[in-house]
Structure formats: structure tokens, C-alpha cells
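Chains as they are written, first to last, in our numbering: chain A, 89 to 236; chain Y, 143 to 547.
The beta-carbon is built from N, C-alpha and C at its ideal position, and this holds for glycine as well.
Computed from a predicted structure; not experimentally measured.
Below: the structure, in C-alpha cells.
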């Protein structure tokens with residue numbers, strides 16, 4: 089818990105920092121732990137429910153542990169028109185997990201997401217912060233190899 | 143009407159990592175002109191006279207917005223650049239940020255000068271984190287060159303929420319809260335971020351500013367239609383051979399964009415404006431693109447003859463239901479109810495009374511939702527009922543034997 093305390097003491101008491109703190113925890117721990125939510129609430133002098141409310145509002149924050157790398161395949165219309173189902177299937181087969189799941193070794197979590205603004209390169213996905221476009225099922229295995 | 147580059151003038155021309163390549167063009171000369179020759183009021187008058195309207199979808203007159211914030215009492219004011227480009231099918235701001243962050247920074251600096259803001263924010267969507275470094279570098283270079291002497295620009299990173307592109311939700315998100323929409327009035331120019339006068343402008347709106355200042359309002363308002371001046375940057379995707387970003391004079395026909403530039407074939411319909419955008423059947427492909435007709439934020443998604451309208455509308459509604467912030471009942475419950483009804487149609491299990499139900503829900507949502515998400519969510523449903531009503535009829539259960547794809 090020392091680690092958590094260290095993370096919450098960032099920049100004093102200010103609501104503006106709440107989202108930044110939660111994102112920091114997400115990056116560091118791979119999710120926003122319950123203990124962290126309690127610590128942040130105390131440190132910023134706001135209610136736990138407010139912090140929890142923020143932590144669960146945004147799709148890039150998770151209150152459940154995620155894998156070291158998060159794959160987000162775009163399912164919105166422009167990617168759907170370019171057959172994103174094919175890419176979803178390829179990732180499912182490559183990793184042996186379904187959307188919403190994490191591999192046993194904790195290497196990858198896999199989610200479906202709404203438009204990522206890469207419609208000119210559809211079908212597209214994000215892995216962590218990296219945008220990958222013009223995907224074909226054949227490219228998936230090679231792309232995933234670059235992540236540890 | 144032709145393609146014309148005002149907003150994208152420097153894209154793929156300057157090196158986004160080097161401010162000197164921008165300055166070798168006419169970079170920061172508008173900023174210099176503002177400092178040397180213009181009062182904040184004169185800047186606002188110039189922008190008003192240009193007829194520039196917001197490019198994020200709502201089309202509010204830019205100069206008017208700035209004037210309201212300028213006149214609002216208080217020393218502490220804010221400028222926010224909305225780079226939370228979340229509308230389905232939109233990627234023009236990504237393209238702009240990738241290729242020309244400098245014009246944007248110059249536009250923000252001029253906006254801040256005009257309204258009297260000392261702090262600016264760029265709200266960057268989480269999906270665009272990969273642009274963060276280059277944007278920060280560009281701001282650093284502008285600061286080194288002395289262009290940001292009077293202004294701090296912070297980049298505020300979003301965390302994945304479509305609704306945060308809505309201005310009041312965006313401000314709540316910067317303030318560290320759930321991105322929920324606010325009741326208005328008061329509007330941001332009088333009471334915005336932290337309760338202070340605030341202007342929020344889309345990336346593309348701000349990209350127009352340096353050229354308007356340099357060349358004058360009369361140069362800018364020569365092109366376009368009566369109530370839509372200048373150009374618009376469109377993001378074209380879907381069933382086209384050449385997806386991408388195109389800048390056209392406002393008032394250009396949808397046909398020119400979709401068929402001539404993006405090389406679409408066998409078009410069944412085009413959705414203009416993203417998930418809540420108008421659906422334009424092929425028969426209306428000559429419709430001009432302008433604030434008077436159809437525009438939105440410039441998302442243009444093309445569907446060819448193989449596509450099923452119900453599938454398209456159903457998927458859009460699923461998206462909207464997921465992304466509704468949940469604050470007001472008409473949107474939160476209305477989008478969910480529409481998903482259920484549309485799902486029935488998609489399975490060929492529609493009921494006769496469902497059509498009336500969709501219409502009734504649409505009216506309530508348009509009238510009473512808190513923000514544009516809920517107000518506009520029924521638009522594609524209503525358009526599809528109007529233009530492709532037979533497709534709904536054929537999915538009504540009692541009329542089975544109809545085509546269920």
C-alpha cells in the first residue's frame with residue numbers, strides 16, 4: 089500500500105488531479121484498485137462514491153485488473169463495413185480469449201471499443217496507445233509479437 | 143465547387159516536428175499582426191465579419207462566442223480546444239494534429255488574446271495518446287520562440303468517453319468529474335470551466351483563425367454559401383475506394399465528395415454527421431454540404447447497395463446507448479428502448495406498433511434531452527423510416543416472408 093500512498097500524494101488537494109491520478113494508477117497497476125480509490129478520496133477530501141463514479145465512467149479506466157497490454161478493436165460502423173469481425177476472430181484465435189477477457193499469462197486483455205478515429209485505415213485497433221490500421225487477419229500474429 | 147485548402151494549407155507541407163518549417167511559410171505572422179496592429183475587440187470583429195461558424199457540429203458563430211466571453215466580467219478566463227474527436231467516422235482532427243500542430247497553436251494563442259485568457263487547454267481524446275508527444279513538442283517549440291509568452295497551454299488527456307466531446311461534459315471532465323452534461327444556461331462564455339468565462343472551439347475552427355487574420359474577413363467570406371462561409375474538412379470512410387480527409391468549399395455537393403473524390407460506386411446511402419447524422423439516400427446525392435442543409439462535424443460514411451439500413455441504424459443506436467452519459471432519462475432510457483425495438487426489426491420480429499413507438503420516442507428525446515447526443519440520436523431512425531420505410535415494413539413479424547438478411 090506504500091506504493092498507493094505515494095501515487096496519491098501527487099500535487100495536493102485538487103479535483104482537477106483526480107482523473108490524472110486515476111489514469112496514473114491505471115498505467116502503473118494495470119487497473120484502479122479499490123484501496124487506491126479509498127486513498128484518493130481521503131487525500132483529495134472527496135467521497136469514495138465520487139472517485140468510484142469517475143473511475144467507472146471512462147472506458148480507459150478499469151476497476152478490474154487488465155493484462156499488461158490492452159487490445160481495443162474498433163467495432164463502430166466504418167470498421168464494421170471493413171469487416172472488423174474478421175479481425176476480432178483472428179485475435180480470438182491467436183490469444184484463445186474472447187472480448188472482455190485477459191490471457192492467463194496476463195500479457196493481453198482484449199476489448200471491443202467505439203470509433204478510434206482511424207476510419208480511413210479501417211479495420212483498425214489500438215494496442216495500448218499504438219494505432220494499427222489496414223488490418224488483415226494475416227497481420228495479427230506479427231503485430232502481437234511486438235508486445236511483451 | 144472546388145477543393146480549397148485553408149485549414150489543411152500546411153498539412154503534408156510543413157514538418158510537424160519543426161516550427162521553423164512553419165515559420166518559413168507564414169507561420170505566426172497572424173499572431174504578430176494581432177500583437178502589433180489589433181486590439182482584442184478588433185480581432186473579435188474580424189472573426190465575426192468572416193462569418194466563421196464552429197466546425198465541431200453545432201455551427202455556432204465563432205466571433206459571437208468570443209465576444210460573449212470577452213464581455214463577461216472576470217479576469218480569469220479560459221480557452222479550450224476540443225480535440226476529443228469521438229464522432230463515429232470522424233478523423234480529420236487526427237489528421238490535422240498529425241500534420242500541422244502549429245497552426246492550431248497559433249489559433250489558440252489568437253483566441254486567448256481575443257477573449258483575455260491566460261490559460262488554454264487542449265482536450266485530447268484517449269484514443270489519440272499517440273499524438274501527445276508531438277503535440278507537446280510543438281507547444282514547447284512555440285514557447286521557446288516566444289509565441290506563448292502570455293499563455294499557458296495544457297494538454298488534458300481524456301479517458302475514453304464519446305460524450306466528453308460535448309462541451310459541458312468536456313469541462314466536467316477537465317474538472318476531474320464524470321463527463322456528464324450540464325444544464326444550460328448558463329453557457330460557457332459566461333460560466334464555463336471552474337465557473338469562469340470559457341470558450342470551447344473545435345480543432346478545425348481554430349485552424350481557420352490565422353488565415354482569417356492574415357487575409358481578412360472579406361477574403362474568407364467570399365467562399366461558401368450565404369450562411370456557411372469558408373471550407374469544411376470532411377472525413378470520408380466506408381464503401382469508397384479512397385477513404386480520407388478532403389477539404390471542400392462549403393456548399394459543394396455531396397456527390398462531388400463521395401463519388402468524384404472518394405470514388406464511391408453503387409451508393410445506396412450516405413450518412414453525414416456520424417452516429418447521429420442525417421441519412422441521405424442516393425437519390426439526394428446532389429444535396430449541398432452546408433450548415434443550411436447537412437454538415438455536422440463532417441463525418442461522411444458511405445454505404446453501398448449491399449448494405450442493410452436496419453443493421454446500420456441498429457448499430458448506431460447501440461453505440462449511442464453505450465455512450466449516453468446517463469444524466470437525463472430521455473437519452474439514457476430512450477436510446478436503450480430504441481436499441482430493443484431496432485433489434486426486433488433486425489431479427490425480422492418487428493411489430494406494427496413499433497413504428498409508432500419509434501416516432502413517439504423520437505419526439506420525446508429530441509424535445510427533452512439535455513444535450514445533442516439524446517436530441518440527435520433519433521435522427522438516423524427518423525431518416526431511415528422516411529427513406530427506407532419499406533425495409534422496416536418487410537421486417538414486421540406478421541408480414542413474414544419478407545426479406546430477412
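Chain-order list of residues whose beta-carbon lies under 6 Å from that of residue i (same chain, five-residue window excluded)
i	result
residue 353 (chain Y)	148
residue 205 (chain Y)	186, 189 and 190
Endpoints, the beta strand (DSSP E) within which residue i is located
i	result
residue 191 (chain Y)	Element bounds for residue 191 (chain Y): not the beta strand (DSSP E) but the alpha helix (DSSP H), 182-192.
residue 380 (chain Y)	373-380
residue 443 (chain Y)	441-446
residue 369 (chain Y)	Run containing residue 369 (chain Y): none; DSSP gives neither H nor E here.
residue 436 (chain Y)	Where residue 436 (chain Y) is concerned, there is no enclosing beta strand (DSSP E), given that its DSSP letter is neither H nor E.
residue 411 (chain Y)	409-414
residue 423 (chain Y)	420-423
Separation of residue j from residue i, as counted between CA atoms
i	j	result
residue 422 (chain Y)	residue 305 (chain Y)	25 Å
residue 157 (chain A)	residue 461 (chain Y)	24 Å
residue 232 (chain A)	residue 155 (chain A)	13 Å
residue 532 (chain Y)	residue 150 (chain A)	43 Å
residue 463 (chain Y)	residue 341 (chain Y)	28 Å
residue 222 (chain Y)	residue 281 (chain Y)	15 Å
residue 435 (chain Y)	residue 372 (chain Y)	15 Å
residue 334 (chain Y)	residue 326 (chain Y)	10 Å
residue 160 (chain Y)	residue 241 (chain Y)	11 Å
residue 511 (chain Y)	residue 518 (chain Y)	9 Å
residue 224 (chain A)	residue 166 (chain A)	15 Å
residue 419 (chain Y)	residue 267 (chain Y)	21 Å
residue 489 (chain Y)	residue 502 (chain Y)	22 Å
residue 359 (chain Y)	residue 254 (chain Y)	19 Å
residue 547 (chain Y)	residue 450 (chain Y)	Residue placement at residue 547 (chain Y) is poorly supported in this model, since its pLDDT is 49, which falls under 50; the coordinates still yield a value, given next. Computed Cα separation, rounded: 8 Å.
residue 128 (chain A)	residue 470 (chain Y)	28 Å
residue 374 (chain Y)	residue 323 (chain Y)	27 Å
residue 182 (chain A)	residue 270 (chain Y)	26 Å
residue 153 (chain A)	residue 118 (chain A)	6 Å
residue 507 (chain Y)	residue 216 (chain A)	36 Å
residue 123 (chain A)	residue 108 (chain A)	17 Å
residue 145 (chain A)	residue 303 (chain Y)	8 Å
residue 377 (chain Y)	residue 196 (chain Y)	16 Å
residue 210 (chain Y)	residue 332 (chain Y)	7 Å
residue 194 (chain Y)	residue 202 (chain Y)	9 Å
residue 318 (chain Y)	residue 228 (chain Y)	19 Å
residue 412 (chain Y)	residue 390 (chain Y)	17 Å
residue 181 (chain Y)	residue 258 (chain Y)	11 Å
residue 575 (chain Y)	residue 164 (chain A)	Because chain Y is modelled from 143 through 547, residue 575 (chain Y) falls outside the range shown and cannot be assessed.
residue 465 (chain Y)	residue 365 (chain Y)	36 Å
Opening and closing residue of the alpha helix (DSSP H) in which residue i lies
i	result
residue 232 (chain A)	225-233
residue 516 (chain Y)	514-518
residue 115 (chain A)	105-117
residue 174 (chain Y)	171-179
residue 528 (chain Y)	521-529
Partners in chain C for residue i, counting only beta-carbon separations shorter than 7 Å
i	result
residue 232 (chain Y)	Absent from the structure is chain C; the protein chains it does hold are A and Y.
Contacts of residue i in chain A (Cβ-Cβ under 9 Å)
i	result
residue 443 (chain Y)	165, 166, 169 and 207
Partner residues on chain A for residue i, Cβ-Cβ distance less than 7 Å
i	result
residue 304 (chain Y)	202
residue 385 (chain Y)	207 and 208
residue 461 (chain Y)	164 and 202
residue 381 (chain Y)	169
Residues near residue i by beta carbon distance below 7 Å, same chain, minus five either side
i	result
residue 349 (chain Y)	149, 238, 245, 246 and 249
residue 300 (chain Y)	226, 265, 266, 267, 268, 306 and 315
residue 344 (chain Y)	196, 197, 198 and 224
residue 369 (chain Y)	433 and 434
residue 424 (chain Y)	409, 410 and 411
residue 499 (chain Y)	483
Strand pairing of residue i, partner residues [DSSP]
i	result
residue 340 (chain Y)	Y:220
residue 298 (chain Y)	Y:265
residue 219 (chain A)	A:214
residue 225 (chain Y)	Y:266
residue 162 (chain A)	A:201
Listed by chain order, chain A residues near residue i by CB distance under 8 Å
i	result
residue 270 (chain Y)	205
Listed by chain order, chain Y residues near residue i by CB distance under 8 Å
i	result
residue 105 (chain A)	318
residue 142 (chain A)	318, 319 and 320
Close Cβ partners of residue i (< 8 Å) along its chain, the five nearest in sequence each way excluded
i	result
residue 175 (chain Y)	355 and 356
Closer than 9 Å at the beta carbon, the chain Y residues around residue i
i	result
residue 152 (chain A)	The contacting residues do not exist; residue 152 (chain A) stays about 15 Å from chain Y at best.
residue 117 (chain A)	Result: empty, since nearest Cβ-Cβ is about 15 Å, beyond 9 Å.
Contact list for residue i against chain Y, beta-carbon separation under 7 Å
i	result
residue 217 (chain A)	271 and 272
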